[in-house]
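For the sequence shown, our numbering begins at 75 and goes up steadily by one. Only one structure is covered here, and it is reproduced in the block below.
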Amino acid sequence: MARRKASPLDPLLDSPRVREAARALIDAVAEETQQRALTPKQYQRALRQLERRRGRPLPLPALLSGAAGGARVRLADGSTKLDFAGGIGVYGFGHGDADLLETAAVAAACDTVFQGHLNPGPEYLRVTNALLRHAGEHLQHVWLSLSGAMANENALKLILQKHHPADRIIAFERNFAGRTLSLSEISDKPAYREGLPLRGGVHYVPFYDPEACDPISHSVEVLDAHLHRHSGRIAAMCFELVQGEGGFHTAPPEFFRGLMQRCREEGVAVWVDEVQTFGRTGELFAFRKLGLEDLVDVVTAGKLLQGSAVLFSKAYNPKAGLMAGTYAGSTVGMAVGARIIERLETEGYLGPEGRIACLAGRFERRYEALRKRAPRALGPRSGLGAMQAFVPFDGSPELAQAVVHAAFEEGLMLWLCGSQPTKLRMLPPLDTTDEEIETAFNILEKALLRVAGERDLPC
Ligand SMILES: Cc1ncc(COP(=O)(O)O)c(C=O)c1O
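What follows is the structure, given as structure tokens:
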């Protein structure tokens with residue numbers, strides 16, 4: 075991976091004097107928030123009001139009010155929770171990270187809240203450079219956008235333009251790509267597109283099944299059948315290298331390589347959706363961790379980036395007018411996203427012996443210890459790096475929900491993923507401490523016992 079070079083824009087982005095002023099602002103805000111909390115009654119009223127505004131209950135009854143520090147977040151009633159859901163994987167270094175808050179404060183004070191593609195600033199350049207340092211030689215361009223879905227929309231458009239008139243897309247069963255009209259159709263989640271008009275032309279390939287006798291050949295055969303049936307009509311295959319929403323399923327590099335090679339032989343674009351894996355698997359991009367860089371045409375990133383991006387090779391550079399939009403991202407998001415990447419590079423997070431790999435090891439050991447004590451409450455674990463999930467009880471959605479709510483009440487935020495079985499996912503900060511892991515698992519144990527006790531289930 076190329077190291078960051080000093081940029082002539084650096085003095086514009088940060089300076090010790092400015093950092094010091096930012097620190098004073100952050101301290102003042104922290105002092106104020108410490109002194110303010112809603113009463114339980116006010117808190118409940120605020121929650122109900124928010125639910126009425128949204129027209130539905132909140133998934134978790136949490137109104138965040140400020141940083142508690144690390145994996146802990148403070149709610150508006152003054153209580154704290156351990157946050158292992160992380161807004162579904164957004165908080166790379168948890169809550170209240172001093173360096174990221176300072177970076178954000180400096181960026182916020184610079185000029186505009188948002189940056190558009192018409193008037194990019196230094197933060198725009200800083201984050202695009204940071205992304206391209208990790209993308210390998212083949213991917214040479216990057217466009218920023220706001221959400222993972224917008225990055226995937228851009229990916230889809232530039233692929234469809236290049237491959238016109240081919241207009242069909244292949245994706246994995248159980249994949250999730252986002253919630254726009256076209257991505258709702260690609261995502262293998264029928265409940266998320268109920269009642270929507272469909273364009274047609276999305277075909278699915280089974281994801282790697284470790285239980286199957288020859289999972290690689292099986293998926294390649296299904297891909298080949300689609301390629302044969304719709305010869306010349308398939309524009310791209312979308313790859314989620316660790317399925318997020320679908321249940322934190324992983325696969326060995328040979329699986330992806332086999333499918334990607336077939337795509338390339340047939341002139342089908344290889345599009346990798348790294349919106350959730352970005353920064354979490356031990357390399358900035360999972361496709362590099364899995365050694366697939368020679369096969370990838372288009373990649374999207376989001377979440378931990380604090381914005382989103384599509385990266386693509388020269389051959390996929392679209393015609394003028396296809397990609398733009400008013401906003402490229404918020405100035406704060408770009409500066410903090412770039413800073414997160416710089417810290418992953420310089421603070422030892424990446425690589426096989428890096429801090430993300432160690433975090434995964436500590437998590438696995440703690441999970442297996444708890445599983446020994448509660449073998450009927452905990453099933454198999456899956457995931458990679460700082461993306462970890464497990465099956466609670468029988469994997470039914472009701473019991474998984476019950477554990478999420480019991481854990482929340484006991485002080486731990488988790489979230490759901492997958493179906494049949496429904497799993498609980500953890501997307502902890504990359505710098506989660508031993509104490510935070512220990513406390514999280516103690517709370518999880520309490521929650522499992524509570525759910526089992528209330529239902530008379532064996533644990
Ligand atoms: C793999 C993947 N792609 C795309 C998206 C959509 O990202 P966003 O919710 O930021 O639009 C998500 C969100 O969970 C995701 O996990």
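All residues carry an ideal CB built from backbone N, CA and C; glycine is no exception. Note that this is a predicted model, so its numbers are computed, not measured.
Start-to-end residues for the beta strand (DSSP E) that takes in residue i
{"i": "D347", "result": "343 to 348"}
{"i": "V279", "result": "276 to 279"}
{"i": "G143", "result": "138 to 143"}
{"i": "D371", "result": "Premise fails: D371 is in no beta strand (DSSP E) and is neither H nor E."}
{"i": "A398", "result": "Here A398 belongs to no beta strand (DSSP E), and DSSP marks it neither H nor E."}
{"i": "V384", "result": "382 to 387"}
{"i": "L199", "result": "Here L199 belongs to no beta strand (DSSP E); instead the alpha helix (DSSP H) covers 196 to 207."}
{"i": "D171", "result": "From DSSP, D171 is part of no beta strand (DSSP E); its letter is neither H nor E."}
{"i": "R148", "result": "146 to 149"}
{"i": "T154", "result": "154 to 157"}
{"i": "R242", "result": "242 to 246"}
{"i": "V216", "result": "213 to 219"}
{"i": "I490", "result": "Note that residue 490 is Leu in the sequence shown, not Ile. From DSSP, the beta strand (DSSP E) with L490 extends over 489 to 491."}
Residue i classed as buried or exposed, judged by whether at least 16 other C-beta atoms fall within 10 angstroms
{"i": "S293", "result": "buried"}
{"i": "A360", "result": "buried"}
{"i": "K388", "result": "exposed"}
{"i": "S89", "result": "exposed"}
{"i": "E295", "result": "exposed"}
{"i": "D508", "result": "exposed"}
{"i": "S258", "result": "buried"}
{"i": "V180", "result": "buried"}
{"i": "C491", "result": "buried"}
{"i": "Q189", "result": "buried"}
{"i": "R354", "result": "buried"}
{"i": "G274", "result": "exposed"}
{"i": "E328", "result": "exposed"}
{"i": "E24", "result": "The displayed coordinates of the chain run from 75 to 533. Any statement about residue 24 would go beyond what the structure contains."}
{"i": "R200", "result": "buried"}
Cβ-heavy atom distance, residue i to ligand 1, below 7 Å
{"i": "D283", "result": "no"}
Nearest to residue i (by Cα), restricted to the options the options
{"i": "R450", "options": "D368, A526, A389, T405", "result": "A526"}
{"i": "F158", "options": "D88, Q494, M487, M461", "result": "M487"}
{"i": "F464", "options": "F482, R440, E483, G485", "result": "R440"}
{"i": "R336", "options": "L301, F313, L255", "result": "L301"}
{"i": "S261", "options": "P326, Y282, M311, P503", "result": "M311"}
{"i": "E106", "options": "C491, V180, G152, Q116", "result": "G152"}
{"i": "P280", "options": "T405, T324, I308, G435", "result": "T324"}
{"i": "F386", "options": "T202, P133, E94", "result": "T202"}
{"i": "F352", "options": "A460, N249, Y278, G143", "result": "A460"}
{"i": "S382", "options": "E419, G252, E416, L149", "result": "G252"}
{"i": "A150", "options": "Q108, C184, R128", "result": "Q108"}
{"i": "I308", "options": "I290, M500, G341", "result": "G341"}
{"i": "A434", "options": "G453, E416, G457", "result": "G457"}
{"i": "G469", "options": "M224, G190, K497", "result": "K497"}
{"i": "L473", "options": "P532, T405, L501", "result": "P532"}
{"i": "L522", "options": "L452, L490, A178, P495", "result": "L452"}
{"i": "D368", "options": "F330, M224, V187, A375", "result": "F330"}
{"i": "H479", "options": "K115, H277, P271, P135", "result": "P135"}
{"i": "W489", "options": "E512, L156, G428, G170", "result": "L156"}
{"i": "A229", "options": "G210, T254, H208", "result": "T254"}
{"i": "F482", "options": "R436, F246, D298, R146", "result": "R146"}
{"i": "G210", "options": "V373, Q317, A182, G168", "result": "V373"}
{"i": "P133", "options": "S139, L121, L270", "result": "L121"}
{"i": "P471", "options": "R207, G321, H277, H169", "result": "G321"}
{"i": "R242", "options": "V92, R303, I415", "result": "R303"}
{"i": "E197", "options": "G407, I430, F437", "result": "G407"}
{"i": "I72", "options": "E427, I517, V384", "result": "Nothing about residue 72 can be read from this structure; the chain reaches only from 75 to 533."}
Extent of the continuous alpha helix (DSSP H) to which residue i belongs
{"i": "S456", "result": "Premise fails: S456 lies in the beta strand (DSSP E), 452 to 458, not in any alpha helix (DSSP H)."}
{"i": "C337", "result": "327 to 339"}
{"i": "G407", "result": "405 to 420"}
{"i": "K363", "result": "360 to 363"}
{"i": "R130", "result": "It is not in any alpha helix (DSSP H) - R130 carries neither H nor E in the DSSP assignment."}
{"i": "V478", "result": "471 to 484"}
{"i": "A394", "result": "Premise fails: A394 is in no alpha helix (DSSP H) and is neither H nor E."}
{"i": "V294", "result": "289 to 303"}
{"i": "L531", "result": "No alpha helix (DSSP H) contains L531, which DSSP labels as neither H nor E."}
{"i": "F250", "result": "From DSSP, F250 is part of no alpha helix (DSSP H); its letter is neither H nor E."}
{"i": "G190", "result": "Unbroken run through G190 is the beta strand (DSSP E), 188 to 190; no alpha helix (DSSP H)."}
{"i": "K446", "result": "429 to 447"}
{"i": "Q317", "result": "Unbroken run through Q317: none, as it is neither H nor E."}
Item checked: Shell residues, 6 Å Cβ cut-off relative to heavy atoms of ligand 1 -> I162, S221, G222, A223, N226, F250, A251, G252, E314, G318, E319, D347, V349, Q350, G376
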